[in-house]
Each structure stands twice: as structure tokens, then as C-alpha cells.
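Per this note's numbering, the very first residue in the sequence shown carries number 6; after that it's consecutive. Ideal Cβ positions, reconstructed from N, Cα and C, are used throughout, including at glycine. Since the structure is predicted, the reported quantities are computational estimates derived from the model, not experimental observations. One structure is given below, encoded as C-alpha cells.
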Amino acid sequence: MGKKNIGVQGFTMPMPQAILGSRMDGRNNYMALAWVSRVNYNPSLMMISVGKRHFSNAAIKASGEFSVNIPSVDMIEVTDFVGMVSGGKLDKSELFEVEKGELENAPVISKCPVSIECKLFDSMELPNDTLFVGEVVATWCDEDVLTDEVPDIKKVNPFTLTMPDNRYWDIGVCVGRAWHDGKKMK
Ligand SMILES: Cc1cc2nc3c(=O)[nH]c(=O)nc-3n(C[C@H](O)[C@H](O)[C@H](O)COP(=O)(O)O)c2cc1C
């Protein structure tokens with residue numbers, strides 16, 4: 006069997022699934038976010054890509070702040086919901102309780118085991134989306150998801166996304182150790 010070119014469906018497999026938090030005119034807003042990654046070590050920078058027509062896009066441009074919240078598997082339904090309805094049409098602010106963080110406009114969702122507060126560092130306009138780069142100001146973790154002071158993926162129990170088949174997946178089992186298993190080939 007050979008390889009088949011399936012076009013320009015350039016998605017990593019899987020993608021992280023997060024909830025983007027922002028705040029506009031004193032009102033919190035949330036949207037499902039899969040285009041997110043760490044992009045610089047020091048300072049600690051995260052990039053997110055947000056459609057220009059999304060309410061969240063305008064909110065981040067207005068406040069210069071946002072949060073990346075990692076939901077657990079038991080939050081699939083509400084994560085999907087905030088990915089289908091715009092804050093421009095519906096007030097989504099009451100969907101989550103929030104905690105006080107370091108920033109005013111980067112809501113830390115209480116129910117998400119991990120939340121990363123970011124201050125806008127840079128941005129780039131792409132044809133449909135804005136690529137925002139945020140500097141991490143604080144990362145909040147529920148104490149009961151930490152093992153040896155770092156987030157434990159089994160306890161966080163996040164889920165991932167595949168596109169273009171649009172499915173959510175749990176994280177399965179640990180299959181190796183990074184910066185370690187390759188040493189066997191040295
Ligand atoms: C699973 C999933 C992942 C999504 N990922 C992104 C993303 O990474 N970037 C983006 O701009 N929109 C993404 N969306 C779409 C937005 O979440 C959606 O359009 C949302 O309603 C925008 O809300 P807002 O207008 O309140 O900002 C995603 C939607 C779903 C269901």
C-alpha cells in the first residue's frame with residue numbers, strides 16, 4: 006500500500022483541547038480552543054490562534070490578556086458547547102465559576118484542573134485568524150492533580166481532539182519516557 010495525498014488537512018494528531026478564557030467590558034467569555042502550544046522556553050510563551058470573527062479575538066485585543074484552561078473528560082459537553090456558540094450572541098459568563106488569579110482579564114476556571122494566565126506578548130494577523138503569543142504569568146493547578154509538584158496527566162484526565170474527523174479522545178496509557186528512551190540508540 007502506498008501513501009495517498011489527502012490535501013491540505015494539516016492538523017497535528019492529536020491536538021490539545023483547551024478552553025480559552027477572556028474578558029470584555031467586565032464580562033468573562035469562553036471558547037473551545039485546540040490551536041494552542043508552548044512556543045518559547047524563557048520567557049515562557051504560549052501561542053493560540055483565534056478566528057478574527059470570534060468574540061474572544063476582540064476581547065484579547067481589548068484587554069491584552071487571556072487564559073488557557075485545561076478541562077477534564079467530565080467537561081467535554083460544556084467545552085464543546087462553548088465551541089459552538091459565540092459570546093457575541095450569548096452571555097457565556099455564568100457557565101463557569103472562576104478563581105482570583107494574577108490578571109484581571111484572564112479567567113481561571115475553578116473546575117479546570119490546570120489554568121494558565123497569559124499577558125499578550127505579540128500577535129500576527131493571518132488571513133482568517135490572529136496568532137496571539139502570550140507570556141505566561143501564572144499556572145494554577147488543583148493540588149490534588151499534582152504528583153511531586155508537577156501536573157499528573159492521569160489525575161488531570163484531559164482529552165484531545167482529532168480533525169478533520171472531529172472526535173474527542175482520552176489520553177490512554179504511558180508508552181515511553183522523553184529525553185530517555187532514545188538513549189538506547191546512542
Ligand atoms: C473542539 C473545538 C475546537 C476549537 N478550536 C478553535 C481554535 O483553536 N481556534 C479558533 O479560533 N476557534 C476554535 N473553535 C471554534 C470556537 O470555539 C467557536 O467559534 C466559539 O463559538 C467562539 O466563541 P466566541 O465568539 O465567544 O469567542 C473550536 C471549536 C471546537 C468545537
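Cβ neighbour criterion (16 or more within 10 Å) applied to A183: Stepping through the sequence shown from its first residue, residue 183 is reached at position 178. Its Cβ having fewer than 16 others within 10 Å, A183 is exposed.
Measure the CB-CB distance between W145 and V113 and report whether it falls below 8 Å. For the purposes of this step, residue 145 is identified with residue 140 of the sequence shown, where counting begins at 1. For the purposes of this step, residue 113 is identified with residue 108 of the sequence shown, where counting begins at 1. Cβ distance < 8 Å, so W145 and V113 count as in contact.
Using only CA atoms, which one of S49, H59, R28, K66 lies nearest to S128? For the purposes of this step, residue 128 is identified with residue 123 of the sequence shown, where counting begins at 1. Comparing Cα positions, the closest option is K66.
Looking at S61 and ligand 1, is the gap between the Cβ and the nearest heavy atom below 7 Å? Looking up residue 61 in the sequence shown gives position 56. Indeed, a heavy atom of ligand 1 lies less than 7 Å from the Cβ.
Per-residue burial, H185 [other beta carbons within 10 Å of its own, 16 or more giving buried]: Translated into positions along the sequence shown, residue 185 becomes position 180. With fewer than 16 other Cβ atoms within 10 Å, it is exposed.
Using a threshold of 7 Å, is the CB atom of Q22 nearer than that to any non-hydrogen atom of ligand 1? Along the sequence shown, read from residue 1 onward, the residue named residue 22 stands at position 17. Q22 Cβ: within cutoff of ligand 1.
Whether A37 touches D96 by CB criterion (8 Å): Numbered from its first residue, the sequence shown carries residue 37 at position 32. Numbered from its first residue, the sequence shown carries residue 96 at position 91. No.
Helix or strand or just coil, what does DSSP make of F86? Position 81 of the sequence shown, counted from the start, is the residue given in the question as residue 86. Correct three-state label for F86: helix.
Of all the beta strand (DSSP E) runs that stay within the bounds of the segment 125-187, which reach a length of 3 or more residues? 134-146, 165-167, 172-174
Just curious, the beta strand (DSSP E) that R74 is in, first and last residue? Here residue 74 is taken as the residue at index 69 of the sequence shown, counted from 1. The displayed chain sequence assigns Asn, not Arg, to residue 74. 70-75 is the extent of the beta strand (DSSP E) around N74.
Grab me the residues of E109's own chain with a C-beta within less than 6 Å of its C-beta, minus the 5 sequence neighbours each way, in chain order. Taking the sequence shown and counting its residues from 1, one reaches residue 109 at position 104. So the list is empty, once near-sequence residues are dropped.
8 Å contact criterion, which A39 and F71 should meet: CB distance rounded: In the sequence shown, counting from the first residue as 1, residue 39 sits at position 34. In the sequence shown, counting from the first residue as 1, residue 71 sits at position 66. With a Cβ gap of about 15 Å, A39 and F71 do not count as contacting.
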